[in-house]
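The structure appears below as structure tokens.
Residue numbers (full-length UniProt numbering): 1 to 169.
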């Protein structure tokens, strides 16, 4: 038997339901067919029955209907504006950022900064979780510089490095 099709689109599964119900298969038989093709966790038999009923009642659209609700205030322009403000001044709080963008709540700003842009707060600065190419290059250059100095100066170079735990005096 062929392997199950992974992650099918909802409309694909609903298309199969409308096709098989047009062939006069029962909801239980349709469910068995779907499980054979897409795997056992594709859809419960009750949901298959519900869709068979929808299609028998005259529904022909297999796609999700549009839902009412508040539209999202987070769009590409807002994300770009937030990112520009973060890059200008990394030592800010969400409250300070909300003063620059008064029409957006702090919760939405926090979700945009952490979720959409992928920043996190580290040592009172907002830093990206993923390094940019410039960041990667500068870190690689610094590491190569340290390595070359270690090769020329040896252990003496390492003894001159002050770490965060070192006490002065």
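Note that the Cβ used here is the ideal one computed from N, Cα and C, for glycine as well.
- Across the set 36, 79, 48, the C-alpha of 79 shows the shortest separation from the C-alpha of residue 116.
- Contact fails between the segment 63-70 and the segment 101-109, because fewer than three Cβ pairs, one in each stretch, are under 8 Å apart.
- Residue environment: residue 88 is assigned as exposed (fewer than 16 neighbouring CB atoms within 10 Å of its CB, all protein chains considered).
- When DSSP states are grouped into helix, strand and coil, residue 90 belongs to the coil group.
- With 16 or more other CB atoms across the displayed protein chains lying within 10 angstroms of its CB, residue 16 is buried.
- The segment 81-99 makes no contact with the segment 44-64: fewer than 3 CB pairs, one atom from each, lie closer than 8 Å.
- Judged by their CB atoms, residue 27 and residue 49 are nearer to each other than the 9 Å cut-off.
- Taking 9 Å as the cut-off, the Cβ atoms of residue 62 and residue 37 do not count as close.
- Only residues of its own chain outside the window of five on either side were considered, and among them 17, 20, 21, 48, 52 have a CB closer than 7 Å to the CB of residue 30, listed in chain order.
- In the structure shown, the three-state DSSP call for residue 53 is helix.
- Scanning its chain for C-beta atoms nearer than 7 Å, with the 5 sequence neighbours on each side dropped, one finds around residue 42 the residues 13, 34, 35, in chain order.
- Counting other Cβ atoms within 10 Å of its Cβ, residue 110 stays below 16 and is therefore classed as exposed.
- Excluding five sequence positions before and after residue 150, the CB atoms of its chain that fall closer than 8 Å to its own CB belong to 157, 158, given in chain order.
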